[in-house]
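Novice: Going down the list, the protein sequences come from chains A and B.
Residues in the first sequence are numbered consecutively from 1, following the working numbering.
Residues in the second sequence are numbered consecutively from 1, following the working numbering.
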Amino acid sequence: MKRKPSNYIALDFLSRSVNEGFARTAVAAFAAQMDPTLDELGDIKTAVSEAVTNAIVHAYPDSLGKISLRASIFEENLLEIVVRDWGCGIADVEQAREPLYTTGGAERSGMGFTIMESFMDALQVRSKPGRGTVVTMKRRIAMRSNGR
Amino acid sequence: MEFGITTKERSMTITLRGELDHHAARGTMQEIERAVEAALPLQLVLDFSGVTFMDSSGIAVVLRAQRRMQALGGAAELQGTPAQAKKVFEAAGIHRLISIR
Ligand SMILES: Nc1ncnc2c1ncn2[C@@H]1O[C@H](COP(=O)(O)OP(=O)(O)OP(=O)(O)O)[C@@H](O)[C@H]1O
Ligand SMILES: [Mg+2]
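(1) Between which two residues does the beta strand (DSSP E) holding K87 (chain B) run?
(2) Terminal residues of the continuous beta strand (DSSP E) containing D47 (chain B)?
(3) Just to confirm my understanding: we take A11 (chain A), look at its own chain, exclude 5 residues before and 5 after, and list those with CB closer than 8 Å. What are they?
(4) Exposed or buried, which one is E50 (chain A) when buried takes at least 16 other CB atoms within 10 Å?
(5) K138 (chain A) touches chain B at which residues, Cβ-Cβ below 7 Å?
(6) Hey, could you find the ends of the beta strand (DSSP E) T6 (chain B) is sitting in?
(7) Going by Cα to Cα distance, which pick from B:A38, B:S56, B:R64 is closest to L46 (chain B)?
(8) What are the residues in the segment 107-118 of chain A lying within 8 Å of chain B by C-beta distance?
(9) Does the Cβ of D43 (chain A) have 16 or more other Cβ atoms within 10 Å, making it buried, or fewer, making it exposed?
(10) Give the secondary structure of T25 (chain A) by DSSP, where H, G and I count as helix, E and B as strand, and everything else as coil.
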């Protein structure tokens, strides 16, 4: 059984690109209570932006749909972020996670999952074609005993 | 995203200010292309010092600008790149394709 988080936030929003900035800023503001460094906050914002942008660009390519975002704090300063959509889904997740793989044409580079992987400690992608995608990312924020 | 454009001889500097994400990417690409088409420079410097956030959407913007410059027989480079954007470029290996300072 999974432990209960000591704190969490949950947000639902429509897949409009203007919400990308809102989503990453909301998670950064929530994570501030974990006393992260600016670098750690930058990593978290980047990973959230990648996952949310994927839901906006790929999950709902020709329509607007619901995206849900949850950020939870677990023991030992562990931050978990879950981004969920109910869009088109991914047929082959392993292939989608390969660097440079993209179905997005010239406006995308196929590096989103690679960046999420390198900026976070763990990345899990679950998806079903026609049903949607759930991206779960974890990042441990270093504990600092003395002030910075 | 805000833009500042200065051209000196065949060298153009475009200063970007703001957050370069998917929401801003298309407008940024269009702004860069419009400026390059108008002046046909041989060197394009993208000044990133005012970019307060960038994700993978910025990679496509930069690579497209570089391809456009190469088609003109010129080159593109980045200057003033903040740590957050630099980390994104490095994670994606883009620093091997274009000069990032
Ligand atoms: N939420 C999603 N729903 C449907 N397909 C997705 C989703 N997320 C990713 N994909 C698929 O996985 C591919 C790879 O995603 P990734 O984020 O690595 O690259 P990208 O979005 O194509 O480009 P970049 O992130 O560099 O702009 C996408 O092109 C798309 O086909
Ligand atoms: Mg992506």
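Cβ atoms here follow ideal geometry from the backbone N, Cα and C, with glycine treated the same way.
As the structure is a computational prediction, the values presented were derived from the model and not from experiment.
Specialist: Considering the structure as presented:
(1) K87 (chain B) -> not in any beta strand (DSSP E); alpha helix (DSSP H) instead, spanning 83-91.
(2) 43-54
(3) A small fix is needed here, since residue 11 (chain A) is Leu in this sequence, not Ala. Counting only Cβ-Cβ distances below 8 Å, and skipping sequence neighbours, we find A23, A26, S68, L69, R70.
(4) Its Cβ being crowded by 16 or more others within 10 Å, E50 (chain A) is buried.
(5) None at all; the shortest Cβ gap to chain B is about 17 Å.
(6) 2-8
(7) Among B:A38, B:S56, B:R64, the Cα nearest to that of L46 (chain B) is on B:R64.
(8) E107, R108, S109, M111, G112, T114, I115, S118
(9) buried
(10) T25 (chain A) falls in the helix class under three-state DSSP.
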